[in-house]
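Data block below; observations after.
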Amino acid sequence: MYSDEDISAAINAGVITKDNANSFRLFIAKSKATTNVDEEHFRLIGGFNDIFVVIACILLLVSVTWIGSAVNNWLGSVTATITAWLLAEFFTRKRKMALPSIVLLLAFVGNIYYSCFALLELTASGALIAAALSALGARVHWLRFKVPITVAAFIAACIGFIVTLILKFVPESTSYLSLISLISGLAVFVYAMHWDSSDVHRQSKKSDVAFWLHLLAAPLLVHPVFSLLNILDDQVNWIKGLIVVLLYILIAVASVAIDRRALMVSALAYVLYVLSHLLKDYGVVNLGFAITALVIGSALLLLSAYWHPCRKFVLQKMPLSIQNKLAPY
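Each residue of the sequence shown is one higher than the last, beginning at 158 in our numbering.
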């Protein structure tokens, strides 16, 4: 499997001409448009060697953290941060291995955050500095390695910094955490759509960046919406159940339209919880969850089987200006 970056490298090396490369890209876009829509491709693993390298990287990172922590608590995480960067120089920059790159990025940013906590202790100021430096680290990592998940990690660190800043100076704002989460989720979702619209055929790394941003936006959007309904307060009734089902249908339509399944997956737990509790209230105690999972699972499999026709139906109802910014059906 050849990536868009491989084709660009071949052009720069003079192996193929730019016109031939563009013709090849156009041919692939037309011949595999349906496949791209149905599968929602993103780079995660290229082979078992990726898993092998990840295992080795984790062993090395754990060992240097352990040894460093024996000297000083913060030294272990600082050593792991440096080690993660050095490993990325080879496995990310030279070998371009997807799964090891993701693990090393998370190890790099996560250890930056923990290092700050270890040095500054668990205080509000320490959390602010940790979030800020984590965001800065993610930004520098992106400029060097361009790992798609890095953008989502940077945005997550920025959100953590903003939330910590608000809670530090306005302590009573804890009651508005759901609203803050919802606003953050909307902002991340819009940003994800920006990346999606810049690569509607999903041929380049931009599509992978959008995938991870959608994965970040989904829980930020879904959790506050359902928590505002007090879904998890064990006081479920048929009205709440109906609202949850209607919301999930709306989320499903939105997911089909943008061709991203992250929203549906994030909301799935709430639907299963509410419907299984409703069945228990109506006497189906032992099999409530099983029946709910059977119905929802069957519906999702049916949607997956007819994903392309559903997308075609939904998009045809939308203005052409919006269709042009979404993945083709």
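Using N, Cα and C, we set each Cβ at its ideal position, and we do this for glycine too.
Computed from a predicted structure; not experimentally measured.
Under a three-way DSSP split, which group does residue i fall into?
i, result
"S412", "helix"
"I173", "coil"
"H358", "coil"
"A484", "coil"
"G204", "coil"
"N179", "helix"
"T222", "helix"
"T249", "coil"
"L444", "coil"
"N230", "helix"
"I479", "helix"
"L386", "coil"
"I168", "helix"
"N394", "coil"
"R468", "helix"
"K303", "coil"
"T240", "helix"
"Y463", "coil"
"T321", "helix"
"K474", "coil"
"R417", "coil"
"E329", "helix"
"M254", "coil"
"T449", "helix"
Go through its chain and collect everything with a Cβ distance to residue i's Cβ below 8 Å, but skip five positions before and after it.
i, result
"I453", "L425, V428, L429 and L432"
"I224", "G233 and T236"
"S330", "I323, L324 and I337"
"M421", "Y405, I408, A409, S412 and L457"
"A313", "L373"
"L285", "F318, T321, L322 and K325"
"V401", "F383, L386, I388, Y427, V428, V431 and L432"
"F184", "none"
"W395", "L435"
Identify, in the order they occur along the chain, each residue of the same chain with its Cβ nearer than 6 Å to the Cβ of residue i, setting aside the five sequence neighbours on each side.
i, result
"C315", "A292"
"A289", "F318"
"K469", "Y486"
"L276", "W231"
"S258", "T249 and V304"
"V379", "S423 and A424"
"N268", "S234, A237 and T238"
"S364", "D356"
"Y271", "S234"
"R417", "H371"
"T327", "Sequence check: residue 327 is Val here, not Thr. Correct list: empty, nothing qualifies."
"N177", "none"
Roughly how far, in whole angstroms, is the beta-carbon of residue i from the beta-carbon of residue j, given that I think they are within contact range, below 8 Å?
i, j, result
"V393", "H434", "4 Å"
"A414", "L483", "7 Å"
"L457", "A419", "Going by Cβ atoms, the distance from L457 to A419 rounds to 14 Å, so no, they are not a contact pair."
"L201", "L256", "6 Å"
"F265", "W242", "6 Å"
"V297", "V366", "Not really, about 17 Å apart at Cβ, beyond 8 Å."
"A245", "F209", "In fact, because the Cβ distance is near 17 Å, the residues do not count as touching under 8 Å."
"A295", "A310", "5 Å"
"V221", "T240", "5 Å"
"M254", "G203", "7 Å"
Tell me which residues share the same chain as residue i and place their Cβ nearer than 7 Å to its Cβ, disregarding the 5 neighbours each side in the sequence.
i, result
"K175", "I168"
"A374", "G342, V345, F346 and A349"
"I306", "I259, L262 and W369"
"V320", "I337"
"L436", "G445, I448 and T449"
"W352", "K363, V366, A367 and L370"
"V211", "L256, P257 and V260"
"G398", "V431, L432 and L435"
Can you find at least 3 beta carbon pairs, one from the stretch 376-386 and one from the stretch 334-349, that sit closer than 8 Å?
With the cut-off at 8 Å, the stretch 376-386 and the stretch 334-349 touch.
Contact the stretch 346-355 vs the stretch 461-474: 3+ CB pairs below 8 Å
no
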